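Residue numbers (this note's numbering): 25 to 651.
This report refers to the structure that appears directly beneath it.
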Amino acid sequence: MRILAALSLLLLSACDIGADNVSNAPIVSPILTTEDARDPQSFAQPQTARVTHVDLDLDLDFDAQSVSGTAMIDVIAKEGVDTIILDDDGYQVESITDGEGRPLEYEVGEVTEGKGAPLTITMGDAREITIAYTAEDAGALQWLTPEQTAGGKHPYLLSQGQATLNRTWIPTQDSPGIRQTWSARITAPADLTVVMSGLSADEPEALEDGRRAFTFEMDKPVAPYLIAIAAGDIVFEELGPRSGVWTEPVMLEKAVAELADTEAMIDAAEKLYGEYRWGRYDMIVLPPSFPYGGMENPVMTFLTPTFIAGDKSLTGLIAHELAHSWSGNLVTNANWTDSWLNEGVTSYFENRIVEEIYGTKRAQQEVALDFAAIEEALAEVGAGAPGTALHQPIGTDSAGSAIIYNKGAAFLRTMESIVGRERFDEWLKQWFDNHAFQPATSALLLADLNENLVKGDAELAKKLKLEEWIYQPGLPDNIVLPDPAAFAEVDAAAATFAESRSVDEQAWSKWTSAERQRFLTKAPRVLSETDLAALDGQLKLSSSGNNEELFLWLELAMENRFDAAVPTAEKFLSQVGRTKFVAPLFKALMGQGDWGQAIARRTYEKNRASYHSLTQASVDNLVKPKA
Ligand code: BES
Ligand code: ZN
Numbered sequence: 025m026r027i028l029a030a031l032s033l034l035l036l037s038a039c040d041i042g043a044d045n046v047s048n049a050p051i052v053s054p055i056l057t058t059e060d061a062r063d064p065q066s067f068a069q070p071q072t073a074r075v076t077h078v079d080l081d082l083d084l085d086f087d088a089q090s091v092s093g094t095a096m097i098d099v100i101a102k103e104g105v106d107t108i109i110l111d112d113d114g115y116q117v118e119s120i121t122d123g124e125g126r127p128l129e130y131e132v133g134e135v136t137e138g139k140g141a142p143l144t145i146t147m148g149d150a151r152e153i154t155i156a157y158t159a160e161d162a163g164a165l166q167w168l169t170p171e172q173t174a175g176g177k178h179p180y181l182l183s184q185g186q187a188t189l190n191r192t193w194i195p196t197q198d199s200p201g202i203r204q205t206w207s208a209r210i211t212a213p214a215d216l217t218v219v220m221s222g223l224s225a226d227e228p229e230a231l232e233d234g235r236r237a238f239t240f241e242m243d244k245p246v247a248p249y250l251i252a253i254a255a256g257d258i259v260f261e262e263l264g265p266r267s268g269v270w271t272e273p274v275m276l277e278k279a280v281a282e283l284a285d286t287e288a289m290i291d292a293a294e295k296l297y298g299e300y301r302w303g304r305y306d307m308i309v310l311p312p313s314f315p316y317g318g319m320e321n322p323v324m325t326f327l328t329p330t331f332i333a334g335d336k337s338l339t340g341l342i343a344h345e346l347a348h349s350w351s352g353n354l355v356t357n358a359n360w361t362d363s364w365l366n367e368g369v370t371s372y373f374e375n376r377i378v379e380e381i382y383g384t385k386r387a388q389q390e391v392a393l394d395f396a397a398i399e400e401a402l403a404e405v406g407a408g409a410p411g412t413a414l415h416q417p418i419g420t421d422s423a424g425s426a427i428i429y430n431k432g433a434a435f436l437r438t439m440e441s442i443v444g445r446e447r448f449d450e451w452l453k454q455w456f457d458n459h460a461f462q463p464a465t466s467a468l469l470l471a472d473l474n475e476n477l478v479k480g481d482a483e484l485a486k487k488l489k490l491e492e493w494i495y496q497p498g499l500p501d502n503i504v505l506p507d508p509a510a511f512a513e514v515d516a517a518a519a520t521f522a523e524s525r526s527v528d529e530q531a532w533s534k535w536t537s538a539e540r541q542r543f544l545t546k547a548p549r550v551l552s553e554t555d556l557a558a559l560d561g562q563l564k565l566s567s568s569g570n571n572e573e574l575f576l577w578l579e580l581a582m583e584n585r586f587d588a589a590v591p592t593a594e595k596f597l598s599q600v601g602r603t604k605f606v607a608p609l610f611k612a613l614m615g616q617g618d619w620g621q622a623i624a625r626r627t628y629e630k631n632r633a634s635y636h637s638l639t640q641a642s643v644d645n646l647v648k649p650k651a
């Protein structure tokens, strides 16, 4: 009761800032006004004036590699407020006008690296504002030449908004706590097809200038990092009644086969935590330069092609991005200090879907891999490092995804085991329902857990250690450990290999991908050329079609200066732009003195231009030019 009363004070509702004066006002999501919900990575001041809707009208120019046109924003503001601040990280404003086309004054402030600049608009009493602009060299956008695509004939465009990149091409308040509906009309050369993270509104319209116009609509308020676009020579195939896949024609057959379990995953997810609220669940399998494995853009998950192994062994990625339709897209971290609310909860949910679709053995093995990654991260930075807490205040040196994702998931798994699956699932479903289309913080989740799970049971509270899990570094001692049986066989095989350098090819050929990955991470870190050659010869690692396994092998090989694998590593780095693979490989090479640094520099020089700006940013840090 007390908590509920307090919470309602935190929610600045639409009517508090005058939405009731706006005709046709869309559903407006509340803004959290507590200090822990403030987003230091945005210049917006949503308590006084906020964007509720963005309408984009943009032309894609593949020659100039720019987008230009207008963004019309709907604003609600506290009475008497006559300015609004947007985020601008590089787009060039040409003019800003009110609903009647009258010019409004504006000012672009000083740029802060990685955050951009405040765009302050003197709007007077205008609440509909049109910004005419051009975005060139936008960090969110990657323009691919035909050679960088599978088909080789048409250029391609893809975007990546999370975390703070959409302010490079969309003039709005770019903060995850400021949800907005949006719509778009996008024109492109007629031989390209455009998709976005909203439902397609009309059939594409042929224009007179050899272009086509595509229209999209997202009528549910979403965090602005979730607005995404891709364009290229892409085709669509239905997977089920509400799911399908877009990709280049030559990729279609493989993509469809790999994604065959999608509809069953949606059903499983709904059975666990309630209705899928977004209508369709489509995916796009992108060219390999996409900087992530996957990105949960609503109704259009973006995917790396590197998850295609031919045997669905890496489709945990699909379960993960689908799960974000609840954790992340429905209930969203108010700022990036609480990204574990998106990623940790999703990783837990992902594993529940995997268990449902592929069974307990695979799910438990993936839990065990995750746990090993937590231990590795803790060993690296120390269990007392502040970056190993789930809630990560700005300025905390992050201990990486093993904490946000895997420790986050372990927290949920621990709660599940203490209160029982049925009761925990009921709580989590309730969390999604009661916070749907709203931002959340760690404190809000903690309050909700106390209110709806602990319910005053002091004994239970003591067992759960909620605050310790959320705010303290390291691992609380009540963590449920992975099933020791998960990797019993492969760990024995790894021990044998460590002792006698012998491997059982028969066993390897029967192992799951998780087991193979486990073997490759458990193998001795220092191996001779003879050992590596034998291993590669027996297990055919260099020609693996499974990119997770290939990556682990190449990392091990480069750490041991194994010349014979260098061509494969260079080829991999020239084809794949996924940061998770590319950055560690460059790091491994840079740690190998002149031998590795020469390879790293030469390879990076050749490939840097074909990486996404995010991948470039992380590799630039590793491959510093010789002083
Ligand atoms: N939302 C993330 C990708 C992301 C995280 C982009 C942080 C920008 C900042 C996405 O859902 C994700 O977690 N992708 C993972 C896949 C996964 C199975 C762990 C990836 O890309 O590897
Ligand atoms: Zn994720």
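Heads up, the beta-carbon is just placed ideally off N, CA and C, and yes, glycines get one too.
These figures come from a predicted structure and were not determined experimentally.
Hey, would you say the C-beta of Y429 is under 8 Å away from at least one heavy atom of ligand 2? For the purposes of this step, residue 429 is identified with residue 405 of the sequence shown, where counting begins at 1. Checking every heavy atom of ligand 2 against the Cβ of Y429, one is found closer than 8 Å.
Taking only the alpha-carbon atoms, compute the straight-line gap between L414 and A212 and give it to the nearest angstrom. Numbered from its first residue, the sequence shown carries residue 414 at position 390. Numbered from its first residue, the sequence shown carries residue 212 at position 188. Answer to the nearest angstrom: the Cα atoms are 42 Å apart.
When the Cα atoms are used, what is the spatial distance from L84 to S90? Position 60 of the sequence shown, counted from the start, is the residue given in the question as residue 84. Position 66 of the sequence shown, counted from the start, is the residue given in the question as residue 90. Distance between the alpha carbons of L84 and S90: 6 Å.
As assigned by DSSP and simplified to three states, the class of K244: What you label residue 244 is simply residue 220 of the sequence shown in a count that begins at 1. In the structure shown, K244 sits in a strand (DSSP, three-state: E or B).
7 Å Cβ shell around I418 - same chain, five flanking residues per side excluded: On the sequence shown, position 394 is the one that residue 418 refers to. Closer than 7 Å at the Cβ level, and outside the excluded window around I418, lie P64 and T361.
In DSSP terms, what M96 is bridged to: In the sequence shown, residue 96 corresponds to position 72, counting from 1. In DSSP, M96 forms a bridge with D79 and T154.
Could you tell me whether the Cβ atoms of A358 and P200 are closer together than 9 Å? Residue mapping note: residue 358 aligns to position 334 of the sequence shown, counting from 1. Residue mapping note: residue 200 aligns to position 176 of the sequence shown, counting from 1. Result yes, Cβ atoms of A358 and P200 sit closer than 9 Å.
With burial defined as no fewer than 16 other Cβ atoms inside 10 Å of the residue's Cβ, what is the status of Q530: buried or exposed? Against the sequence shown, residue 530 aligns to sequence position 506. Per the 10 Å Cβ criterion, exposed.
What three-state label does DSSP hand S568 in the structure shown? Residue numbering aside, residue 568 sits at position 544 when the sequence shown is read from its first letter. Note: S568 maps to coil in three-state DSSP.
Which of the three DSSP states, helix, strand or coil, is assigned to G268? Position 244 of the sequence shown, counted from the first residue, corresponds to residue 268. Correct three-state label for G268: strand.
At the level of alpha carbons, what is the spacing between R203 and S53? Along the sequence shown, read from residue 1 onward, the residue named residue 203 stands at position 179. Along the sequence shown, read from residue 1 onward, the residue named residue 53 stands at position 29. For R203 and S53, the distance between alpha carbons rounds to 6 Å.
Could you pull the DSSP bridge partners for W167 from this structure? In the sequence shown, counting from the first residue as 1, residue 167 sits at position 143. Answer by DSSP bridge pairing, in chain order: L181.
Rank G620, E594 and I427 by C-alpha distance to the C-alpha of V405 and give the top, closest one. Position 381 of the sequence shown holds residue 405. Comparing Cα positions, the closest option is I427.
Note down, one range per segment and in chain order, each alpha helix (DSSP H) of at least 4 residues found wholly within the segment 458–535. 466–473, 482–488, 490–495, 512–524 and 529–534
Write down the C-beta distance between E320 and E345 rounded to the nearest angstrom, noting that I regard them as a contact closer than 8 Å. As a first step, residue 320 is located in the sequence shown; it is residue number 296 there, counting from the start. As a first step, residue 345 is located in the sequence shown; it is residue number 321 there, counting from the start. With 8 Å as the limit, E320 and E345 qualify as a contact, their Cβ atoms being about 5 Å apart.
Identify, in the order they occur along the chain, each residue of the same chain with its Cβ nearer than 8 Å to the Cβ of F605, setting aside the five sequence neighbours on each side. Locating residue 605 in the sequence shown gives position 581, counting from the first residue. Excluding sequence neighbours, F605 sits near T330, N571, F575 and F596.
Between H77 and I97, what straight-line distance do the alpha-carbon atoms span, to the nearest angstrom? As a first step, residue 77 is located in the sequence shown; it is residue number 53 there, counting from the start. As a first step, residue 97 is located in the sequence shown; it is residue number 73 there, counting from the start. Roughly 6 Å separates the two Cα atoms.
Bridge partners - W206, DSSP secondary structure assignment: For this step, residue 206 is matched to residue 182 along the sequence shown. Beta-bridge pairing links W206 to V78 and M242.
Relative to the C-alpha of T356, which residue among W270, N458, I153 and E399 is closest? Here residue 356 corresponds to residue number 332 of the sequence shown, with the count starting at 1. Comparing Cα-Cα distances from T356 to each of W270, N458, I153 and E399, the minimum goes to N458.
Can you find at least 3 beta carbon pairs, one from the segment 266–279 and one from the segment 102–109, that sit closer than 8 Å? no
DSSP three-state assignment for Y372, whether helix, strand or coil: Sequence index remark: in the sequence shown, residue 372 carries index 348 (1-based). Of the three classes helix, strand and coil, the one that applies to Y372 here is helix, per DSSP.
Are the segment 291–306 and the segment 254–269 touching by the rule of at least three beta carbon pairs closer than 8 Å? yes
Contact between the segment 219–235 and the segment 246–255 (3+ Cβ pairs under 8 Å): yes
Three or more C-beta pairs below 8 Å linking the segment 459–466 and the segment 56–72: yes
Is the CB-CB distance between Y429 and E380 below 9 Å? Position 405 of the sequence shown, counted from the start, is the residue given in the question as residue 429. Position 356 of the sequence shown, counted from the start, is the residue given in the question as residue 380. In this structure, E380 does not lie closer than 9 Å to Y429 by Cβ.
Based on the DSSP output, what are the partners of N357 in its beta bridges? If you number the sequence shown from 1, residue 357 lands on position 333. Per DSSP, A464.
Between the alpha carbons of V647 and K336, how many angstroms are there, rounded? If you number the sequence shown from 1, residue 647 lands on position 623. If you number the sequence shown from 1, residue 336 lands on position 312. Going by the C-alpha atoms only, they are around 34 Å apart.
Does ligand 2 have a heavy atom nearer than 8 Å to the CB of D637? Position 613 of the sequence shown, counted from the first residue, corresponds to residue 637. The question names Asp, yet the displayed sequence has Ser at residue 637. Not under cutoff, so the answer is no.
Assess, as a yes-or-no matter, whether the segment 616–635 is touched by the segment 580–598 under the definition of 3 or more beta carbon pairs within less than 8 Å. yes
Tell whether a beta-carbon distance below 9 Å holds between T671 and D161. Because residue 671 is not part of the residues shown, which for the chain are 25 to 651, the question remains open.
Which value, in whole angstroms, describes the spacing of the CA atoms of I120 and Q71? Position 96 of the sequence shown holds residue 120. Position 47 of the sequence shown holds residue 71. So the alpha carbons of these two residues sit roughly 22 Å apart.
Within 10 Å of its beta-carbon, does L189 have 16 or more other beta-carbons around it, so buried, or fewer, so exposed? Along the sequence shown, one-based indexing puts residue 189 at 165. The residue in question, L189, is buried, as its Cβ has 16 or more Cβ neighbours within 10 Å.
Since L327 is in the alpha helix (DSSP H), which residue starts that stretch and which ends it? Along the sequence shown, read from residue 1 onward, the residue named residue 327 stands at position 303. No alpha helix (DSSP H) holds L327; the beta strand (DSSP E) holding it covers M324 to L327.
Quick one, which of R602, L638 and P591 has its alpha-carbon nearest A624's? Position 600 of the sequence shown, counting from 1, holds the residue named residue 624. Checked all of R602, L638 and P591; the closest Cα to A624 is P591.
Distance between F86 and S634 (C-alpha atoms, nearest Å): Your numbering for residue 634 matches position 610 in the sequence shown. Your numbering for residue 86 matches position 62 in the sequence shown. Their backbone Cα atoms lie some 15 Å apart in a straight line.
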